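Each remark here refers to the structure printed beneath this line.
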Amino acid sequence: MFFLVETDLLLVDAANVLSRARADTRRGCRLPGDSVAASFADWLRFLAAVAEPQLLVAVFDTPKSRRLQQPQQREQLAPEYLQHRKRRKLQQAGEVAAASTSNGTAGSSTGANRPSLPGGDPLRPFKQQVEQLGGVYLEAAGGWEADDGMAAVCRAVHQRHPAASVVVASGDTDMLQLLAPQVSWLQLHNQTSLGCPLGAELVTAEAFQQQHGFPPSAYPDWLAFTGKKEASIAGASVGARTAAKLLGRYGSLEAVLAASAAGQLKGWGPAVQHLLDDSSPNSGGGHREALLRRNRRLFAANSDPAVVGQHGMHQLLAALDKLQPAVRSPAPTASTATSSDCGANSSSAQPPTSCSGSLPIELAWQHPMHVRRWRHLQQQLAAGAVNSLASRLHQAVTLQGLAVDELWESPGAEGAPASGRGATFYVCPCDVAAGSWECAAQAVRRQQQQQPAGGNHTASLMPLLHGAMRHHVQLVKRAGYCVQLRLLPAGEPS
């Protein structure tokens, strides 16, 4: 479920959002104006539209060039930290380079992907986007990560304005440890769904406690027990449920270890019994206890102000001095509102704006994928390629909050009501997989030779859509709409 929110401060995990912007530009064919910086700006505007903050703050990772020059704090604790992710990025970089070479685009640039001049800042194009929205940016200091910077910002906000509300925007589950009565997490999903058409969901500290049975502050302790495969860190052979129960009972890793040393964990199962044996005074061990403490240090975000650059922290504090937290009623929670309370069929006179079933049209179309699509469609209109469609493109939205290019109803028999709902997408270059635009035109030509009167190109175009667009079209189908895909006239045979 998704709630529209108004917050005092929107805290953006710029490292996470930047990775999404880069992924966006790799989808589909490119048109003028496409760049990682433009996609990053789309994401910032989208998140600002969702949260409506007084102040936007973005935290960046240290640029890769400087990370290589300085030892990383977590890698010094565990050399294997993030090794899986690094190998995957190297593999993806090789695949992208190979694809660029095969497509004859080697050496091309996406704007902000161009190598920076010697001594330049490779993050500058993205920091400028934050500034243009009136926001403040910070950069993780050498050896630290954006996660630590996010924790430092939350601490600074709480010290200056204890009652100020903060929404943390990221797809990284490590943000769960930042949850507090005044701090919520806007979780960015990798895919949209019927229940979450924007791919963003608000998580509160109360909801986390109810679901998991232990406080958000103990999330690093839970990871210490279970490990995290994505970070290449093994756990202590304690299952997720058992770890949650231990933390629900004792509150923290240190309290669990103290209970273990006192012999109070009998009856908790074999894995916990091993922990008990390892912590006993006569065991001569301590390996598992040392592993757990190391893991917690790896997963816990450091909120010390020194984990971010001094310039960014000074800018933040100056902005916080001007911040005037608003007085608001308590935000809705999972226990006070459900998707059935606020679905598209709500009988209230004024559609509610606190759930996915009644998203404002302009918000649904501010999702970065649809912003890019609309930009491409407008480019085609400006070029005179699709003037016949200008009056039919209205940035429509289904009852479930899914963006479509056109809505229509299938006519029933004479004098009878319409027999069904339909939605049309006018496929543009950014909708199809890279290098597939000519294939799309050829597929439509073949279909029209077989069916001269047909204007629905769904069968020909659906297999050529890139993954995110194909998923979106399938969602519209699952919502009960008859979907038509049509190629822009510029790509159709004359």
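When we follow numbering that gives the first Met the number 0, the leftmost residue of the sequence shown carries the number 0, and every step to the right adds one.
Think of the CB as a built atom: it goes at the ideal place given N, C-alpha and C, for glycine as much as any other residue.
Keep in mind the model is a prediction, meaning the values are calculated, not measured.
Top-ranked residue by Cα proximity to residue i, from the options
{"i": "residue 155", "options": "141, 239, 290, 306", "result": "306"}
{"i": "residue 293", "options": "75, 50, 47", "result": "75"}
{"i": "residue 48", "options": "371, 24, 132, 72", "result": "132"}
{"i": "residue 119", "options": "143, 62, 142, 130", "result": "62"}
{"i": "residue 229", "options": "80, 71, 56", "result": "80"}
{"i": "residue 303", "options": "268, 432, 420, 149", "result": "149"}
{"i": "residue 377", "options": "363, 25, 361, 394", "result": "394"}
{"i": "residue 4", "options": "65, 14, 166", "result": "166"}
{"i": "residue 212", "options": "251, 227, 371, 72", "result": "251"}
Sheet register partners of residue i (DSSP bridge)
{"i": "residue 408", "result": "420"}
{"i": "residue 495", "result": "Nothing about residue 495 can be reported from this structure: the residues present for the chain run from 0 to 493 only."}
{"i": "residue 12", "result": "58"}
{"i": "residue 402", "result": "396"}
{"i": "residue 227", "result": "232"}
{"i": "residue 249", "result": "Partner(s): none; residue 249 has no beta bridge."}
Where residue i falls: helix, strand or coil (DSSP)
{"i": "residue 129", "result": "helix"}
{"i": "residue 292", "result": "helix"}
{"i": "residue 57", "result": "strand"}
{"i": "residue 17", "result": "helix"}
{"i": "residue 29", "result": "coil"}
{"i": "residue 427", "result": "coil"}
{"i": "residue 322", "result": "coil"}
{"i": "residue 299", "result": "coil"}
{"i": "residue 477", "result": "helix"}
{"i": "residue 80", "result": "coil"}
{"i": "residue 265", "result": "coil"}
{"i": "residue 237", "result": "coil"}
{"i": "residue 482", "result": "strand"}
{"i": "residue 144", "result": "coil"}
{"i": "residue 4", "result": "coil"}
{"i": "residue 458", "result": "helix"}
{"i": "residue 467", "result": "helix"}
{"i": "residue 163", "result": "coil"}
{"i": "residue 51", "result": "coil"}
{"i": "residue 501", "result": "Missing from the structure shown is residue 501; the chain here goes from 0 to 493 and no further."}
Integer Cβ distance of residue i from residue j, believed to fall under 8 Å
{"i": "residue 206", "j": "residue 186", "result": "About 11 Å separates the two Cβ atoms, so there is no contact after all."}
{"i": "residue 486", "j": "residue 422", "result": "Their Cβ separation, rounded to whole angstroms, is 16 Å, which puts residue 486 and residue 422 out of contact at 8 Å."}
{"i": "residue 38", "j": "residue 23", "result": "4 Å"}
{"i": "residue 30", "j": "residue 474", "result": "Not quite, the Cβ-Cβ distance comes to about 24 Å (not below 8 Å), so this is no contact."}
{"i": "residue 463", "j": "residue 442", "result": "7 Å"}
{"i": "residue 231", "j": "residue 203", "result": "Not confirmed; about 30 Å, so no contact."}
{"i": "residue 429", "j": "residue 142", "result": "Incorrect: roughly 39 Å between the Cβ atoms, too far for contact."}
Cutoff 7 Å; reference residue i; Cβ partners in own chain excluding five residues on either side
{"i": "residue 216", "result": "176"}
{"i": "residue 159", "result": "319"}
{"i": "residue 14", "result": "59, 60, 145"}
{"i": "residue 435", "result": "463"}
{"i": "residue 42", "result": "16, 19, 20, 367"}
{"i": "residue 375", "result": "30, 427, 428, 429"}
Cutoff 6 Å; reference residue i; Cβ partners in own chain excluding five residues on either side
{"i": "residue 40", "result": "128"}
Contacting residues, own chain, Cβ-Cβ under 8 Å from residue i (five flanking each side not counted)
{"i": "residue 312", "result": "137, 151, 155, 304"}
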